[in-house]
Amino acid sequence: MSVEIKTTCCYCGAGCQLLFTVDKEANKILDIHPVPGRTNDSKACLKGWYGWDYLNDPQILTKRLREPMIRKGGKNSPLEIVSWDEAVKFVADNFKKVKEKWGPNSFLAAASARGPGNEAGYITQKFARAVMGTNNIDHCARICHAASVAGSMQTIGEGAMSLSIPEIEDAEVIFNIGYNAATSHPIVARRIVRAKEKGCYIICADPRITETARISDLHLQLKGGANVALVNALANVIISEGLMDKEFVKAHTKGFDDFWAIVKDYTPEYSSGITGLSAEDIRFTARKYASSKHSVILWGMGVTQFSQGVETVKCCCSLAMLTGNFGHYACGTGPVRGQNNVQGTCDMGDLPNVYPGYQDVANPAIQAKFEKAWGVKLSGVAGIQLTRVPELVQHESDPAKRIHAYYITGEDPCQSDPDLDEIRESLDMIDFVVVQDIFWNKTCEHADAILPATAWGEHDGVYTSSDRGFQRIRKVLEPAGNIKTDWEITCLIATAMGYKMHYNNTEEIWNELIDLCPKFTGATYEKLEKLGSIQWPCWDKGMEDKGTMFLHAGGHFATPDGIGILKTSPYHPPVEVENTEYPLTLCTVREVGHYSVRTMTGNCRLLRNLEDEPGWVEMSPEQAGQLGVKQGDIVKIVSKRGFAFTRAKPTERVKTGAVYMTYQWWIGACNELTISALDPSSKTPEYKYCAARIEKIPDQKWAEEEVARRYTDIRNRMRITKEGLPA
Ligand code: SF4
Numbered sequence: 096m097s098v099e100i101k102t103t104c105c106y107c108g109a110g111c112q113l114l115f116t117v118d119k120e121a122n123k124i125l126d127i128h129p130v131p132g133r134t135n136d137s138k139a140c141l142k143g144w145y146g147w148d149y150l151n152d153p154q155i156l157t158k159r160l161r162e163p164m165i166r167k168g169g170k171n172s173p174l175e176i177v178s179w180d181e182a183v184k185f186v187a188d189n190f191k192k193v194k195e196k197w198g199p200n201s202f203l204a205a206a207s208a209r210g211p212g213n214e215a216g217y218i219t220q221k222f223a224r225a226v227m228g229t230n231n232i233d234h235c236a237r238i239c240h241a242a243s244v245a246g247s248m249q250t251i252g253e254g255a256m257s258l259s260i261p262e263i264e265d266a267e268v269i270f271n272i273g274y275n276a277a278t279s280h281p282i283v284a285r286r287i288v289r290a291k292e293k294g295c296y297i298i299c300a301d302p303r304i305t306e307t308a309r310i311s312d313l314h315l316q317l318k319g320g321a322n323v324a325l326v327n328a329l330a331n332v333i334i335s336e337g338l339m340d341k342e343f344v345k346a347h348t349k350g351f352d353d354f355w356a357i358v359k360d361y362t363p364e365y366s367s368g369i370t371g372l373s374a375e376d377i378r379f380t381a382r383k384y385a386s387s388k389h390s391v392i393l394w395g396m397g398v399t400q401f402s403q404g405v406e407t408v409k410c411c412c413s414l415a416m417l418t419g420n421f422g423h424y425a426c427g428t429g430p431v432r433g434q435n436n437v438q439g440t441c442d443m444g445d446l447p448n449v450y451p452g453y454q455d456v457a458n459p460a461i462q463a464k465f466e467k468a469w470g471v472k473l474s475g476v477a478g479i480q481l482t483r484v485p486e487l488v489q490h491e492s493d494p495a496k497r498i499h500a501y502y503i504t505g506e507d508p509c510q511s512d513p514d515l516d517e518i519r520e521s522l523d524m525i526d527f528v529v530v531q532d533i534f535w536n537k538t539c540e541h542a543d544a545i546l547p548a549t550a551w552g553e554h555d556g557v558y559t560s561s562d563r564g565f566q567r568i569r570k571v572l573e574p575a576g577n578i579k580t581d582w583e584i585t586c587l588i589a590t591a592m593g594y595k596m597h598y599n600n601t602e603e604i605w606n607e608l609i610d611l612c613p614k615f616t617g618a619t620y621e622k623l624e625k626l627g628s629i630q631w632p633c634w635d636k637g638m639e640d641k642g643t644m645f646l647h648a649g650g651h652f653a654t655p656d657g658i659g660i661l662k663t664s665p666y667h668p669p670v671e672v673e674n675t676e677y678p679l680t681l682c683t684v685r686e687v688g689h690y691s692v693r694t695m696t697g698n699c700r701l702l703r704n705l706e707d708e709p710g711w712v713e714m715s716p717e718q719a720g721q722l723g724v725k726q727g728d729i730v731k732i733v734s735k736r737g738f739a740f741t742r743a744k745p746t747e748r749v750k751t752g753a754v755y756m757t758y759q760w761w762i763g764a765c766n767e768l769t770i771s772a773l774d775p776s777s778k779t780p781e782y783k784y785c786a787a788r789i790e791k792i793p794d795q796k797w798a799e800e801e802v803a804r805r806y807t808d809i810r811n812r813m814r815i816t817k818e819g820l821p822a
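Final position of the sequence shown in this note's numbering is 822; the numbers increase by one with none missing.
Right under this line is the structure:
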């Protein structure tokens with residue numbers, strides 16, 4: 096018998112709705128197609144259409160994890176399959192041991208912003224806080240949009256998109272900075288194209304000629320790392336030419352004098368020297384942006400993954416305030432979240448400084464509320480960010496202040512974090528590492544225990560789209576093997592440690608969550624079933640209330656006094672710049688067919704066929720000529736931290752001096768090279784800028800064989816045998 100099951104796509108924050116047709120008896124997917132949803136307008140991109148194949152476990156890259164495994168004899172002993180009882184006891188005993196010996200703050204948990212869903216995210220942070228007694232809980236927003244959260248919170252009081260995805264197509268001006276929707280969120284890119292068709296003027300600030308740049312009316316091909324100099328200059332022009340919305344600024348903002356004291360120096364001529372743009376283009380952009388009350392700023396990781404990411408975000412929010420572009424339809428700021436549930440995982444309080452619903456851990460009244468609900472004493476001290484692991488493992492001289500236990504759920508830091516050599520060393524120095532995931536990944540090699548979890552499509556729950564929209568995900572297939580949902584696993588560990596956590600289903604978890612979070616109160620499962628999508632804040636349980644389409648209505652910001660704060664800072668160059676030994680700048684970018692660390696998309700037959708190892712490095716044709724390499728040649732790319740082999744891809748898209756790599760490849764792993772320099776406020780790494788050099792390999796036959804040998808070696812290491820153990 097076949098049934099139809101509607102769910103939300105698991106690949107990006109666009110939150111597209113998909114309908115599966117499933118043969119229930121055979122437990123097999125028969126068909127999938129996009130259906131109408133609030134954000135997707137009955138459309139899906141290629142990942143939505145073809146990205147579910149990993150549920151069939153085709154074993155292209157790795158096999159699914161199907162059994163719990165532990166290293167009974169300590170770090171260097173082999174992994175052994177054990178029962179869930181034994182695995183849970185092993186993990187609980189070791190977490191307890193670390194807590195008793197080193198204290199609560201020696202533990203860190205990484206929640207997953209991918210498949211598990213909001214309920215699992217809620218349970219992970221509850222485990223860290225209520226069971227381990229620490230606010231050391233974080234997730235991958237740290238390495239992507241944490242700067243958006245920090246910069247927006249510090250200026251407008253709310254860290255999410257102020258507008259909704261459908262509003263984008265009614266904007267009159269879109270200032271798109273460091274964001275290529277075509278690869279990150281193809282369905283959002285459609286809205287940008289629709290906006291253009293309706294007459295919107297599109298300005299794209301990006302060092303590369305991206306798809307967005309190609310359709311833009313004005314492409315500002317600025318130098319990498321110069322965002323702050325550009326946005327400060329836009330503010331300078333808006334203020335000095337009298338283009339500011341004086342009434343809005345007077346009624347709804349503060350901090351103007353301090354703001355002007357900084358941006359007054361950033362004349363277009365001065366910024367031109369930093370950005371490489373013409374003063375004329377900077378002036379034109381400012382005038383155009385300020386000319387409409389339906390101006391939208393969209394940004395992605397081309398803003399946030401810099402050591403000045405937070406400062407750029409603050410100034411983007413300030414530009415919108417200066418021009419009165421907040422609080423009404425089709426205007427505002429859009430930090431468009433990458434992974435499917437990175438917004439939701441922030442919403443769930445998987446952050447070191449806030450409980451679920453962005454409630455401050457340092458606020459005694461909030462702390463008391465959660466203590467009462469959870470029946471424990473909680474810490475009022477903000478925790479640490481996961482990007483500080485190397486510092487707090489390798490460089491902290493006081494053992495009592497180090498991380499001694501790391502609970503990693505649905506993340507692969509050995510592929511996704513900067514400076515992989517440093518990460519691998521750090522993980523090996525941590526007393527006890529637990530990986531909870533769906534596929535064997537690079538981080539599993541460093542784990543003391545591996546706990547197999549269900550994937551998207553195998554459990555129920557809720558995701559939050561990038562524009563604050565709660566949407567249901569549903570179980571499509573019965574999971575195979577001895578695996579459990581993420582939230583069940585965490586509850587079992589908590590209970591084994593003496594703190595009873597038991598829920599019968601995700602709705603019970605969700606109800607506990609929305610009772611504790613005023614902003615989410617109205618988003619009951621019943622309403623989600625009826626309405627499909629509810630955007631927070633959603634205060635009202637009334638069945639018709641769909642929540643909030645755009646934030647800051649009437650210029651009332653989410654700051655404590657309702658007043659927005661104009662902020663920016665002076666420009667400084669990236670931490671590691673080009674030099675004689677490393678004359679190129681390396682920037683990491685995204686590729687449309689692959690997602691994150693590739694364990695999911697790399698195990699989908701059609702997506703996998705689009706590209707393969709060792710990936711590629713984009714360079715200008717002039718650069719390729721200087722290096723003496725041609726399209727497809729294997730080259731060695733080197734930074735101070737490591738090297739990788741990849742293929743040369745000469746393209747007119749990039750300027751000479753800058754090179755670009757995508758981050759999902761095992762052999763062409765750009766994070767062997769990236770730098771772990773962090774934004775001082777958000778602790779987000781500067782993935783978008785480090786110094787590198789490219790070496791030509793004269794013997795291409797050797798290079799091909801070397802890449803093949805490395806690929807075989809890593810596949811052998813990652814392979815799971817028939818019995819479920821690594822080979
Ligand atoms: Fe999935 Fe994003 Fe593609 Fe939509 S745009 S189908 S949510 S990957």
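The beta carbon of each residue, even a glycine, is placed where N, CA and C say it ideally should be.
Taking the CA atoms as reference points, Trp797 sits about 33 Å from Ser521.
Rounded to whole angstroms, the gap between the alpha carbons of Lys614 and Met339 is 32 Å. Residue environment: Gln112 is assigned as buried (16 or more neighbouring CB atoms within 10 Å of its CB, all protein chains considered). Boundaries around Gly439 are those of the alpha helix (DSSP H), Val437 to Asp442, since no beta strand (DSSP E) includes it. Between the alpha carbons of Ser366 and Glu686 lies a distance of about 31 Å. Taking each of Pro668, Cys765 and Glu676 in turn and checking the Cα distance to Glu713, the smallest one comes out for Cys765. Excluding its 5 nearest sequence neighbours in each direction, Glu603 has no C-beta neighbour in its own chain below 8 Å.
In the three-state scheme derived from DSSP, where H, G and I count as helix and E and B as strand, Tyr620 is classed as helix. Counting the other Cβ atoms within 10 Å of the Cβ of Asn599 gives fewer than 16, which makes it exposed. If the five residues before and after Leu702 are omitted, its C-beta is found closer than 8 Å to the C-beta atoms of Leu141, Lys142, Tyr145, Gly146, Asp148, Gly688, His689 and Thr696, all from its own chain and listed in chain order. Between Gly429 and Ile461, the gap from beta carbon to beta carbon reaches 8 Å or more. In this chain, the beta strand (DSSP E) harbouring Phe527 covers Phe527 to Asp532. Counting only unbroken stretches of 4 or more residues, the alpha helix (DSSP H) elements lying wholly within the region 174-252 are 179-197, 213-221 and 241-250, in sequence order. A straight-line Cα-Cα distance of about 19 Å links Arg567 and Asp126. By the Cβ criterion, the region 393-411 is not in contact with the region 209-224, since fewer than three pairs of Cβ atoms, one from each stretch, lie closer than 8 Å. In the three-state scheme derived from DSSP, where H, G and I count as helix and E and B as strand, Trp711 is classed as strand. For Val344, the enclosing alpha helix (DSSP H) stretches over residues Lys341 to His347. When Val323, Gly368, Gly478 and Lys359 are compared, the shortest CA-CA separation from Cys410 is found for Val323. Counting only runs of at least 3 residues, the region 539-587 fully encloses the following beta strand (DSSP E) elements, listed from N- to C-terminal order: 544-547, 556-559 and 564-568.
The Cβ-Cβ distance between Arg237 and Gln480 falls below 8 Å. Shown in chain order are the residues whose CB sits closer than 6 Å to a heavy atom of the ligand SF4: Cys104, Tyr106, Cys107, Ala109, Gly110, Cys111, Asn135, Ala139, Cys140, Lys142, Gly143, His280, Pro281 and Ile282. Under the three-state reduction of DSSP, Asp808 is assigned to helix. For Asn271, the secondary structure class from DSSP, reduced to helix, strand or coil, is strand. Bridge pairing for Leu446: Val449 [DSSP]. Across the set Ile518, Thr482 and Ser561, the C-alpha of Ile518 shows the shortest separation from the C-alpha of Glu540.
Setting aside the 5 residues that flank it on each side, Asn704 has no residue in the same chain whose C-beta is closer than 7 Å to its C-beta.
The three-state secondary structure of Gly659, taken from DSSP, is strand. Residue pairing for Trp394: DSSP places it in a beta bridge opposite Ile272 and Pro430.
Spatial neighbours of Asn420 in its own chain (CB-CB distance under 7 Å, excluding positions within 5 residues in sequence) are listed in chain order as Lys388, Ser390, Cys426 and Gly427. For Pro716, the enclosing alpha helix (DSSP H) stretches over residues Pro716 to Leu722.
Burial check for Asp610: the Cβ neighbour count within 10 Å stays below 16, so the residue is exposed. Distances from the alpha-carbon of Val749 to those of Pro716, Trp761, Arg742 and Gln726 put Pro716 closest. Here the alpha carbon of Thr643 sits roughly 11 Å from the alpha carbon of Met256. In the DSSP assignment, Met416 falls outside any beta strand (DSSP E) and within the unbroken alpha helix (DSSP H) covering Gly404 to Leu417. Looking at the backbone, the Cα of Asn435 and that of His234 are separated by about 13 Å.
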